[in-house]
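A.B. asks: Okay, here's the structure, questions in a sec.
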Amino acid sequence: NGRTPHHHSLTQCWQLLSLCVALFLPQQHFLWYLRRYLQHNADPRTEVGKYAVYCQRSLERTLQNGEREAKP
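Residue numbering for the sequence shown follows the numbering used here, beginning at 586 and increasing consecutively.
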């Protein structure tokens, strides 16, 4: 399929981040950096960009609703 081990690792990192932002809120001083990083990478035309868009939505939803009390 032409995907390198680096690409696979990168995809796994984004999958982990997508789980984390749905469950945990970062500390306030880190939140700004996380938002900027997601904004910088958000692009619906690429796989990584789609993860970034998803993470942005999940982060905002978590900020609105608060962290989950029952974590997996």
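We put the beta carbon where it would ideally sit given N, CA and C, even for glycine.
Provide the residue span of the alpha helix (DSSP H) that contains F615, from first to last.
C.D. replies: Per DSSP, F615 belongs to the alpha helix (DSSP H) from 613 to 626.
A.B. asks: The alpha helix (DSSP H) that contains T596, what's its start and end?
C.D. replies: First-last of the alpha helix (DSSP H) with T596: 590 to 608.
A.B. asks: Am I right that Q600 and L623 are in contact with their C-beta atoms under 8 Å? What's the rounded C-beta distance?
C.D. replies: Going by Cβ atoms, the distance from Q600 to L623 rounds to 14 Å, so no, they are not a contact pair.
A.B. asks: Whose C-beta lies closer than 7 Å to the C-beta of S603 among residues of the same chain, with five residues either side of it excluded?
C.D. replies: These residues qualify, in order along the chain: Y636, Y639, C640, S643.
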